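Chains as they are written, first to last, in our numbering: chain A, 11 to 343; chain B, 11 to 343.
Everything below concerns the one structure shown next.
2 protein chains.
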Amino acid sequence: MSTRDIILTGDRPTGPLHIGHYVGSLANRVVLQNTCTQFVMIADVQALTDNYEHPEKVHDNVFEVACDYLAVGIDPTKTTIFIQSMIPALAELTMYYMNLVTVARVQRNPTVKTEIKQKAFGEGIPVGFMVYPISQAADITAFKANLVPVGEDQLPMIEQTNEIVRTFNRLYQTDTLVEAKALVPKCARLSGIDGQAKMSKSLGNAIYLKDSVDELAKKIQKMYTDPGHLKVQDPGKIEGNTVFEYLDVFGVDVQKVTELKEQYQRGGLGDMVVKKYLLEQLEILIAPMRARRQEYAKDRAQVMKMLHEGTTLANQVAQQTLYDVKKAMHLLY
Amino acid sequence: MSTRDIILTGDRPTGPLHIGHYVGSLANRVVLQNTCTQFVMIADVQALTDNYEHPEKVHDNVFEVACDYLAVGIDPTKTTIFIQSMIPALAELTMYYMNLVTVARVQRNPTVKTEIKQKAFGEGIPVGFMVYPISQAADITAFKANLVPVGEDQLPMIEQTNEIVRTFNRLYQTDTLVEAKALVPKCARLSGIDGQAKMSKSLGNAIYLKDSVDELAKKIQKMYTDPGHLKVQDPGKIEGNTVFEYLDVFGVDVQKVTELKEQYQRGGLGDMVVKKYLLEQLEILIAPMRARRQEYAKDRAQVMKMLHEGTTLANQVAQQTLYDVKKAMHLLY
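Below, the structure written as structure tokens:
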């Protein structure tokens with residue numbers, strides 16, 4: 011028996027991944043894969059709960075996200091990358107767990123409540139969307155994950171999962187399901203280039219890992235700085251200045267960033283100069299990723315083969331859990 | 011291409027089947043299997059939605075129900091009998107369909123509303139129970155069933171299924187899912203032996219197909235007749251008299267039943283005599299079933315083999331539908 015931690019994490023394939031994803035989760039995965047048993051799920055089924063009208067978008071982004079993973083250094087020999095819809099056990103576990111949660115309980119889930127407000131479903135809330143915390147519990151428990159990297163806003167999801175785990179184990183007199191701990195990343199959420207609190211595809215304020223140098227330069231050019239800093243010689247603010255927020259995160263030379271901040275606050279440093287420096291710093295990170303990504307994107311067959319191999323392995327693990335679950339429920343025939 | 015009708019039907023394995031099941035559905039299945047492609051599902055997953063605290067009961071009754079099927083003459087060479095929990099595609103289809111139905115819509119389902127009132131869930135309504143009409147849509151559509159035998163009270167389930175079919179086909183520009191028609195049996199519901207409107211295990215008023223002659227005799231002895239018919243020479247009522255209701259259904263000799271009714275209404279015919287006659291008539295039906303059932307029940311391995319074979323075939327059909335569904339949704343990788 012290994013005592014390594016088991017991690018389940020992943021992304022909804024609704025668009026290519028951006029540097030906010032990198033800072034918030036991808037970079038951690040590259041580190042964690044060396045010490046943990048890591049499963050990374052491309053959550054196409056979950057993505058459909060609020061994209062059911064555009065499944066082709068979800069389909070296409072499975073490949074994009076896989077390329078992003080490989081580009082940032084998630085290594086398929088260390089991390090099991092798989093496609094959610096190809097793991098039937100996840101749907102089956104969801105069916106059994108749905109009996110252990112009341113309608114009132116899912117409707118109380120704070121994350122779901124917030125998301126429902128944000129999404130403004132036209133014709134009413136789809137059952138699939140309301141049920142997705144239960145589906146997430148299936149994802150987590152299927153791999154017996156004890157660590158789940160999530161943002162603060164997703165903590166209620168882990169609570170819901172652990173409630174299901176406890177109810178299941180108590181009701182069916184077993185210890186087959188494992189409670190999970192949230193692994194909240196130290197790095198706060200990265201703002202969008204418009205200075206909005208959240209970088210996201212839907213807000214159109216994201217820098218993608220696949221952006222070309224030109225796209226990157228254009229986006230940095232548009233970045234929100236200090237709106238009061240009109241002339242080079244004026245003193246500028248660094249609080250709320252997205253360019254400096256990014257430099258704090260991506261600047262390789264901390265000393266240099268500190269000097270730039272001081273000069274900017276004193277006056278005499280133009281936005282153009284700082285932005286040019288940010289572009290250089292971001293390019294140190296992104297250029298090699300972009301190059302790797304282009305190589306992978308050229309060989310679709312190879313990327314899909316990697317996904318199929320990961321999915322085969324993930325299926326073995328999830329099928330074993332489903333077997334244990336059915337056994338505890340006396341559902342083997 | 012066959013133009014045979016395709017039927018999906020089945021039972022929740024929560025107890026052995028009774029003569030109410032026989033009259034309302036089993037007898038029809040024995041006939042329909044000769045002209046239709048018939049799938050009979052032992053709905054253990056659905057049974058769990060309101061029996062999740064007693065999965066062992068559900069497990070044990072899968073075998074009981076299978077024996078009942080074989081005993082009444084459902085022929086596994088003509089009918090595909092299968093276990094719901096062993097068909098992963100049903101859970102997977104449910105996941106996709108859940109996105110096409112709003113929470114408000116399932117909460118409006120009249121059948122579910124009525125059943126929720128009857129069942130009085132202690133800690134609130136389980137999500138699985140609220141969702142089961144969607145799961146039923148998965149069952150029906152997985153087999154492309156165009157005919158579904160249901161009681162009047164289950165008509166909203168077929169409506170819900172057809173709504174999902176239409177939404178799916180429209181949204182994903184396909185004709186892969188098939189609308190179903192309800193096949194409402196001519197025979198009304200059989201009353202319980204206590205004269206209650208519904209024969210059911212939970213009301214303790216059922217005559218089981220597996221009852222011994224002694225059990226049958228005892229139950230008929232207790233049957234509700236005309237409470238005002240105290241002496242043999244008194245005139246008796248046949249309206250609401252369960253013994254005569256059963257004789258109308260199970261009496262082989264219609265002429266003789268008519269004579270008995272007339273004599274009972276005139277006076278001079280005791281309940282004991284009519285009940286003895288009913289026992290004889292029921293035994294004509296049940297004795298051979300009981301004998302066959304005992305043979306099957308002795309050979310558990312053989313019955314389970316039949317179920318596994320049916321399940322294998324059902325899986326092939328359901329997997330094909332799942333493939334078609336995923337193809338329409340661009341979810342093949």
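The beta-carbon is built from N, C-alpha and C at its ideal position, and this holds for glycine as well.
Predicted model only: the values in this text are computed from it and were never measured.
query = Buried or exposed: N172 of chain A, going by 16 or more other Cβ atoms within 10 Å of its Cβ?
reply = buried
ask   = Candidates B:K208, B:P298 and B:F153: which alpha carbon is nearest G30 of chain B's?
value = B:K208
DSSP bridge partner residues for G161 of chain B (one or two, in chain order) = Answer is none; G161 of chain B lacks a bridge partner.
key: 9 Å Cβ cut-off: residues of chain A touching D54 of chain B   = Ordered by position in chain A, the residues that pass the 9 Å Cβ test against D54 of chain B are L341 and Y343.
request  = Note down, in chain order, every chain B residue with its Cβ under 9 Å from the Cβ of L58 of chain A.
outcome  = Taking the beta carbon of L58 of chain A as reference, the chain B residues within 9 Å of it are M105, Y106, N109, M339 and L341, listed in sequence order.
inquiry  = In this structure, how does DSSP classify Q304 of chain A when only helix, strand and coil are distinguished?
reply    = Three-state DSSP puts Q304 of chain A in a helix.
request  = Note down, in chain order, all residues in the region 132-160 of chain A with a beta-carbon under 8 Å from any beta-carbon belonging to chain B.
outcome  = E133, G134, I135, P136, V137, G138, F139, M140, V141, I144 and S145
ask   = Just curious, the alpha helix (DSSP H) that T151 of chain B is in, first and last residue?
value = V137 to A152
query = What residue from A:Y333, A:A148, A:Q48 and A:V160 has the CA that sits closest to V194 of chain A's CA?
reply = A:V160
Inter-residue Cα distance where the pair is K220 of chain A and E290 of chain A = Looking at the two C-alpha atoms, the distance is approximately 16 Å.
ask   = What residues of chain B sit near P65 of chain A, judged by a beta carbon separation below 8 Å?
value = Near P65 of chain A (Cβ distances below 8 Å), the residues of chain B are Y182, M339, H340 and L341.
query = Can you check whether the CB of G261 of chain B is closer than 8 Å to the CB of K247 of chain B?
reply = no
request  = Please determine, among B:Q117, B:D54, B:E66 and B:K129, the residue with the shortest C-alpha to C-alpha distance to F92 of chain B.
outcome  = B:D54
ask   = Per DSSP, H28 of chain B is paired with what?
value = B:Y218
F73 of chain B (DSSP reduced to helix, strand or coil) = Per DSSP, reduced to three states, the secondary structure at F73 of chain B is helical.
inquiry  = Just to make sure I have the definition right: I need the residues of chain B whose C-beta is within less than 8 Å of the C-beta of M96 of chain A. Which are they?
reply    = Y343
ask   = At a Cβ cut of 9 Å, what residues of the region 113-131 of chain A count as close to chain B, listed as they run along the chain?
value = V113, A114, R115, V116, Q117 and F131
ask   = Can R22 of chain B and Q48 of chain B be called in contact, C-beta distance under 8 Å?
value = no
task = Report the rounded CA-to-CA distance for E102 of chain B versus V33 of chain B, giving the unit in angstroms.
result = 34 Å
query = Which term fits V253 of chain A, buried or exposed, when burial requires 16 or more other beta carbons within 10 angstroms of its beta carbon?
reply = buried
task = Kindly indicate which three-state DSSP category D281 of chain B falls into: helix, strand or coil?
result = helix
task = Compare the Cα-Cα distances from R300 of chain A to each of A:L42, A:E66 and A:G83 and report the closest residue.
result = Checking every option, the nearest Cα to that of R300 of chain A belongs to A:G83.
request  = Can you tell me which of B:Q304, B:K229 and B:M282 puts its alpha carbon nearest to the alpha carbon of V75 of chain B?
outcome  = B:Q304
query = Nearest-angstrom Cα distance between Y333 of chain A and M51 of chain B?
reply = 21 Å
query = Whose C-beta lies closer than 6 Å to the C-beta of P166 of chain A among residues of the same chain, with five residues either side of it excluded?
reply = N119, P120 and T121
Other residues of its chain near E269 of chain A: CB distance less than 8 Å, five sequence neighbours each side excluded = none
key: Terminal residues of the beta strand (DSSP E) in which D21 of chain B lies   = I16 to D21 is the span of the beta strand (DSSP E), which, as asked, contains D21 of chain B.
ask   = Are the C-beta of A307 of chain A and some C-beta of chain B separated by less than 8 Å?
value = Output row for A307 of chain A: interface = no.
request  = Using a Cβ cut-off of 9 Å, pull out every chain B residue sitting near L317 of chain A, in sequence order please.
outcome  = By Cβ distance, chain B contributes Y343.
inquiry  = Using C-beta distances below 8 Å, list every residue in its chain close to L58 of chain B, excluding the 5 sequence neighbours before and after it, in chain order.
reply    = P65, V68 and G138
key: Collapsed DSSP secondary structure at T45 of chain B in the structure displayed   = For T45 of chain B, the three-state secondary structure derived from DSSP is coil.
ask   = A101 of chain B touches chain A at which residues, Cβ-Cβ below 8 Å?
value = The contacting residues are P98, A101, E102, T104 and M105.
task = Take A307 of chain B and list the residues in its own chain whose beta-carbon comes closer than 7 Å to its own, dropping the five residues that flank it on each side.
result = C77
request  = Express the C-alpha separation of Q326 of chain B and K191 of chain B in angstroms, rounding to a whole number.
outcome  = In this structure, the alpha-carbon of K191 of chain B lies about 23 Å from that of Q326 of chain B.
task = At 9 Å on the CB atoms, spell out the chain A contacts of M51 of chain B, in chain order.
result = Ordered by position in chain A, no residue passes the 9 Å Cβ test against M51 of chain B, which lies about 14 Å from the chain.
request  = Look at I16 of chain B and K154 of chain B and say whether their C-beta atoms are less than 8 Å apart.
outcome  = yes
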